[in-house]
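Down below is the structure, laid out as structure tokens.
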């Protein structure tokens with residue numbers, strides 16, 4: 002599938018961001034590690050995701066908390 006045809010991702014697309022982060026980092030981050038990621042790092046990683054169109058100025062702590070939680074669920078879903 003050609004990534005260029007994927008729709009843009011914005012700050013409130015928590016599940017899409019979480020899936021992209023999981024694809025990028027895989028099992029490098031476990032649940033406890035995901036919850037210990039500094040928001041400054043998380044913000045930088047999100048801003049560099051393909052198709053992400055949000056801006057640094059639009060980011061807030063609520064978004065980052067929701068993304069962190071969604072990433073944990075995504076990680077859990079991929080553990081068997």
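In this note's numbering, the protein residues as written are 2 to 81. Note that CB positions come from ideal geometry on N, CA and C, so glycine has one too.
Inter-residue Cα distance where the pair is residue i and residue j
{"i": "residue 80", "j": "residue 60", "result": "29 Å"}
{"i": "residue 28", "j": "residue 64", "result": "22 Å"}
{"i": "residue 72", "j": "residue 16", "result": "7 Å"}
{"i": "residue 66", "j": "residue 42", "result": "13 Å"}
Under the three-state DSSP convention, the category residue i falls into
{"i": "residue 38", "result": "coil"}
Extent of the continuous alpha helix (DSSP H) to which residue i belongs
{"i": "residue 63", "result": "62-78"}
{"i": "residue 26", "result": "15-26"}
Whole-Å CB distance - residue i paired with residue j, under 8 Å assumed
{"i": "residue 69", "j": "residue 35", "result": "6 Å"}
{"i": "residue 21", "j": "residue 50", "result": "5 Å"}
{"i": "residue 32", "j": "residue 77", "result": "7 Å"}
Spatial neighbours of residue i in its chain, beta-carbon cut-off 8 Å, leaving aside the 5 residues before and after
{"i": "residue 62", "result": "40"}
Own chain partners of residue i with C-beta closer than 6 Å, once the 5 adjacent residues on each side are dropped
{"i": "residue 12", "result": "55, 59, 64"}
{"i": "residue 52", "result": "7, 9, 10"}
Residue i beta carbon near the ligand MN (any heavy atom closer than 7 Å)
{"i": "residue 64", "result": "For the ligand MN, the structure offers nothing, since it holds no ligand at all."}
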